[in-house]
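Chemist: Residue numbering for the sequence shown follows my numbering, beginning at 10 and increasing consecutively. By construction, the Cβ of each residue, glycine as well, lies at the ideal position given by its N, Cα and C atoms. The model shown is predicted, which means the values in this text are computed figures rather than measured ones.
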Amino acid sequence: MKRQYLYVSTVISALWASLYLLLVGCSAGGDSFYMAALGLNEGRILVANSVTNPGSKTIVMYDLSGRFISVVADRTSFGENLRGLALFDPYNFILSTDTPDELKKVNIFNGHVSSYASNALFTGNIYDTIRQSAGVYLTVESNTIEKFINGQRTPSVGNPYINTTTGGCTISAARGLAINSAGELLVSSFTNNLILRYDISTSTASCLTSISATGTQPVPIVIHPDGNAYFGTQGGTDTIYSIPENLSSGATAILSGAEINNPVAMAVLPNGNLLIANDGTDVIIEITTAGVVVNSNFIKDAFVGTVSAMLVIPPQ
10 MKRQYLYVST VISALWASLY LLLVGCSAGG DSFYMAALGL NEGRILVANS VTNPGSKTIV
70 MYDLSGRFIS VVADRTSFGE NLRGLALFDP YNFILSTDTP DELKKVNIFN GHVSSYASNA
130 LFTGNIYDTI RQSAGVYLTV ESNTIEKFIN GQRTPSVGNP YINTTTGGCT ISAARGLAIN
190 SAGELLVSSF TNNLILRYDI STSTASCLTS ISATGTQPVP IVIHPDGNAY FGTQGGTDTI
250 YSIPENLSSG ATAILSGAEI NNPVAMAVLP NGNLLIANDG TDVIIEITTA GVVVNSNFIK
310 DAFVGTVSAM LVIPPQ
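(1) Within a Cβ cutoff of 7 Å, which residues of the same chain sit near V302, ignoring the five residues on either side of it in sequence?
(2) When the Cα atoms are used, what is the spatial distance from T85 to S258?
(3) Roughly how many whole angstroms lie between the Cα atoms of S265 and I249?
(4) Closest to L130 by CA distance: which of S151, V277, G241 is it?
(5) For C35, count neighbouring C-beta atoms within 10 Å of its own C-beta (all shown protein chains included) and say buried if the count is 16 or more, exposed if not.
(6) Among V228, P169, R162, which has the Cα closest to the Cα of D288?
(7) Going straight from the alpha carbon of L141 to that of D247, what length do you get?
(8) Can you check DSSP and say which residues form a bridge with G241?
(9) Along the chain, where does the beta strand (DSSP E) containing K113 start, and where does it finish?
(10) If F312 sits next to L284, beta carbons under 8 Å apart, how far is it from one beta carbon to the other, in whole angstroms?
(11) Would you kindly report the start and end of the unbroken beta strand (DSSP E) that includes Q226?
(12) The beta strand (DSSP E) that contains L205, what's its start and end?
(13) Does DSSP classify T297 as helix, strand or coil?
(14) As a quick exercise: from V145, P234, Y136, pick the residue whose alpha carbon is nearest that of T163.
(15) Assuming T67 and I103 form a contact by the criterion Cβ under 8 Å, report the distance between their Cβ atoms to the nearest whole angstrom.
(16) Below 7 Å CB to CB, which residues in the same chain sit around L217 once its five sequence neighbours on both sides are set aside?
(17) Excluding the 5 residues flanking G160 on each side, which residues of the same chain have their C-beta closer than 6 Å to its C-beta?
(18) Let's test the definition: count the other Cβ atoms within 10 Å of the Cβ of I78 and tell me whether it reaches 16, buried, or not, exposed.
(19) According to DSSP, is S221 part of a helix, a strand, or is it coil?
(20) Could you give the DSSP three-state label for S86: helix, strand or coil?
(21) For the putative contact between I135 and V115, defined by C-beta atoms under 8 Å, what is the C-beta separation to the nearest angstrom?
(22) Work out the CA separation of G300 and A82 for me, nearest whole Å.
(23) In or out: F97 buried (at least 16 other Cβ within 10 Å) or exposed?
(24) Taking buried to mean at least 16 other C-beta atoms within 10 Å of its own C-beta, is S75 buried or exposed?
(25) Counting only runs of 3+ residues fully inside the stretch 129–186, write out the beta strand (DSSP E) ranges in chain order.
(26) Where do the N-terminal and C-terminal ends of the beta strand (DSSP E) with R53 fall, by residue?
(27) If I measure Cβ to Cβ from L112 and keep anything under 6 Å in the same chain, skipping five residues before and after, which residues do I get?
(28) Indicate the three-state DSSP secondary structure (helix, strand or coil) for F307 in the structure shown.
(29) Just the Cα atoms here: how many angstroms apart are N168 and P109?
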């Protein structure tokens with residue numbers, strides 16, 4: 010009987026070991042099978058919602074067709090203003106919050122939230138956040154850009170990484186961040202209607218370009234594989250524009266009118282189309298880079314009342 014027990018126990022242990030190896034490393038990419046087992050290999054869209062009435066503050070997951078999957082995390086009871094989303098690793102993302110002013114790490118699959126970065130000098134109006142490289146994040150703080158490396162503010166004391174005025178660039182109420190193919194940072198500056206470009210390759214950022222956004226109050230901005238940046242403006246000139254990612258020439262309007270109403274967030278789908286979150290109509294639409302509306306109701310539900318950020322996780 011004892012031998013039979015040992016045999017069964019050994020077989021079970023071997024099966025578990027085989028399953029473990031299959032999950033964590035049987036393919037060319039160490040995470041690829043694991044991601045398929047979790048369903049993320051098909052790609053996902055994360056949407057942060059900061060509705061103040063009735064008070065829903067959630068991060069919600071959709072598939073790449075805009076179909077609802079689940080509420081990843083509900084932060085309503087914490088009173089946070091959800092601001093920006095950036096990928097951390099295959100299993101977690103970074104969320105920037107205003108009140109309290111910090112970066113949080115959120116698990117994509119179980120919604121566990123932990124503090125990632127905070128600082129006594131990180132106290133302004135927090136908005137977008139973006140991943141520069143592994144462990145390095147840039148975050149909007151009022152008229153400045155803060156930098157965090159492995160959760161630590163850089164520099165640890167003194168002025169932010171990018172101050173209000175740096176060379177010929179002046180930030181006035183920064184809103185959106187994007188990093189182009191050259192690794193340069195683009196900032197939408199809301200109050201003075203500018204798109205700014207910075208060299209962020211060293212410990213001291215420098216201004217490269219300051220150019221008019223053409224319209225007023227630019228907010229969301231994204232980089233597209235076609236070599237352009239796309240951004241949206243508010244304040245009565247609600248329009249989506251394209252501009253070379255190095256800001257070598259002015260912006261070109263690609264879509265305005267009834268389909269664009271107070272654009273607050275943008276993202277690029279794996280098929281190359283753009284997602285636009287319209288606060289004025291509480292809907293996320295899908296358009297081409299030529300400004301053709303593909304789907305005027307890509308996502309329209311209770312979780313897109315006031316979108317603050319969108320993050321597309323491409324198929325793994």
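Modeler: On the basis of the coordinates in this document:
(1) E268, I294, I296
(2) 43 Å
(3) 6 Å
(4) S151
(5) Because C35 carries a pLDDT of 39, less than 50, the predicted location of this residue cannot be relied on, and no value is offered for it.
(6) V228
(7) Residue 141 is actually Gln in this sequence, not Leu. Those two C-alpha atoms are separated by around 29 Å.
(8) I249
(9) 111–116
(10) Between L284 and F312 the Cβ distance is about 14 Å, and since that is not below 8 Å, they are no contact.
(11) First-last for Q226: undefined, no H or E at that position.
(12) 203–208
(13) coil
(14) V145
(15) In fact, because the Cβ distance is near 16 Å, the residues do not count as touching under 8 Å.
(16) E193, R206, Y207, D208
(17) Y125, A126
(18) exposed
(19) strand
(20) helix
(21) In fact, because the Cβ distance is near 16 Å, the residues do not count as touching under 8 Å.
(22) 33 Å
(23) buried
(24) Rather than Ser, the amino acid found at residue 75 in this sequence is Gly. G75 is buried by the Cβ-count criterion.
(25) 135–142, 145–150, 153–158
(26) 53–59
(27) I103, S105, Y125, A126
(28) strand
(29) 20 Å
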